[in-house]
Amino acid sequence: MAHILAVANQKGGVAKTTSVASIGAALTELGRRVLLVDLDPQACLTFSLGLEPDALELSVHDVLLGRLSAGIVVTTTGDGTDLLPATIELAGCEAVLLSRTGREHALRLALADVVDAYDFVLIDCPPSLGVLTINGLTAADEVIVPLQCETLSHRGVGQLLDTVHDVQRLTNPRLAVRGVLPTLFDARTAHGRAVLADVRVRYGLAVLTPPIARSVRFAEAPGTGRSILATAGRSKGADAYRVHARVIAGMPPGETAGEMAGGVPG
Ligand code: ADP
Ligand code: MG
């Protein structure tokens, strides 16, 4: 049965979608069977992996409302990773779910049909703490919190952790916080390190290393329909995501371990 990871932060632009696509592609490179789930009505993950959300007839929306089983909607992307795609219809799904009993469990129940076919499921949550993100957290074994290391960027972390604690108490006692993933990191400034040290002490969260450096290569990837692993094969950013994938897969960090040593202090 698959290990299910949600990638969540209610702040937009912190590299949730980029992290899901890149870790997913890296796990696929390692020979793991991977399903990505786009839970964001903006469908950026779906688009960035080469699908045209407006042209899709079936999406995660139909699955969450119980109209279709997940297996029918899953499609294979150019990276070789499977995807449960989203469309803008997902925005309306939120309102429909709210009137339903057991609304927090819609994704968990839907995934039960397909989890045996995968080693890992990665869920790309939307930039909110609404019913879709709660569905992602309720379906997950672990949550990863991408964090852009700039002033006050951690202010939403407490709120996200409150939601995680609610989910642990009410809908998913097995949910664990894997840690904070530093993204858009600028190693040249002491400031990013200070933010991470603060997050570690203030919230008691693990900081996952290596941090993902800010790089123009990432901004280019979504337009190509492939993840950064395909467009920037051996770049530092792609290799950093490969290290995370190896650790998630239970393997030694690998040849890029040198980056870890130069990563975050403490
Ligand atoms: P989110 O899903 O949290 O809203 P995205 O993954 O869509 O965030 O990333 C937001 C923007 O930042 C995108 O344009 C993406 O290409 C860019 N980006 C992500 N990671 C990096 C990085 N390491 N360096 C530079 N740009 C990045
Ligand atoms: Mg996103």
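For what it's worth, the working numbering labels the leading residue of the sequence shown as -15, then goes sequentially. All C-beta atoms in this analysis are idealised placements derived from N, C-alpha and C, irrespective of residue type, glycine included. Since we're looking at a predicted model, the values are computed, not measured.
1. Is there at least one non-hydrogen atom of ligand 1 closer than 7 Å to the beta-carbon of P195?
2. Assuming S219 and D63 make a contact with CB atoms under 8 Å, what is their CB distance in whole Å?
3. Taking A224 as the reference, which of A197, T117, L81, G50 has the closest Cα?
4. May I ask whether a heavy atom of ligand 1 can be found less than 7 Å away from the beta carbon of P166?
5. When you compare the segment 158 to 165 with the segment 116 to 136, are there three or more beta-carbon pairs, one atom per stretch, that lie closer than 8 Å?
6. When every heavy atom of ligand 1 is checked, does at least one fall within less than 7 Å of the C-beta of G(-3)?
7. Who are the Cβ neighbours of C28 in its own chain at under 6 Å, not counting the five residues just before and after it?
8. Does DSSP put G163 in a helix, a strand or coil?
9. Assign P249 to one of two classes, buried (16 or more other C-beta atoms within 10 Å of its C-beta) or exposed (fewer than that).
10. Whose C-beta lies closer than 7 Å to the C-beta of L180 among residues of the same chain, with five residues either side of it excluded?
11. Is the Cβ-Cβ distance between G140 and Q(-6) less than 8 Å?
12. Confirm the yes/no value for this check: CB of T1, any heavy atom of ligand 2, distance under 7 Å.
Here's the rundown:
1. Indexing the sequence shown from 1 puts residue 195 at position 211. It does not: the Cβ of P195 is nowhere closer than 7 Å to a heavy atom of ligand 1.
2. In the sequence shown, the residue the question calls residue 219 occupies position 235. In the sequence shown, the residue the question calls residue 63 occupies position 79. Their Cβ separation, rounded to whole angstroms, is 16 Å, which puts S219 and D63 out of contact at 8 Å.
3. Looking up residue 224 in the sequence shown gives position 240. The shortest C-alpha separation from A224 is found at A197.
4. Working through the sequence shown from its first residue, we reach residue 166 at position 182. No, since every heavy atom of ligand 1 falls outside the 7 Å radius drawn around the Cβ of P166.
5. The segment 158 to 165, when compared against the segment 116 to 136, does touch it at the 8 Å Cβ threshold.
6. Here the question's residue -3 lines up with position 13 in the sequence shown. Yes.
7. Reading the sequence shown from its first residue, position 44 is the one you call residue 28. Taking C-beta separations shorter than 6 Å and ignoring five residues to either side along the sequence, the partners of C28 in its chain run T1, following chain order.
8. Counting from one through the sequence shown, the residue named residue 163 turns up at place 179. DSSP places G163 in strand when its eight states are reduced to three.
9. Residue 249 sits at position 265 when you count from the first residue of the sequence shown. Since pLDDT at P249 reaches only 40, below the 50 mark, its modelled position is unreliable, and the value read off the structure follows with that caveat. By the 10 Å Cβ count, P249 comes out exposed.
10. The sequence position of residue 180 within the sequence shown is 196, counting from 1. For L180, where only same-chain residues beyond five positions count, the Cβ hits under 7 Å are C133, P166, V191, V248.
11. Reading the sequence shown from its first residue, position 156 is the one you call residue 140. Reading the sequence shown from its first residue, position 10 is the one you call residue -6. Yes, Cβ-Cβ distance for G140 and Q(-6) is below 8 Å.
12. Locating residue 1 in the sequence shown gives position 17, counting from the first residue. A heavy atom of ligand 2 is found nearer than 7 Å to the CB of T1.
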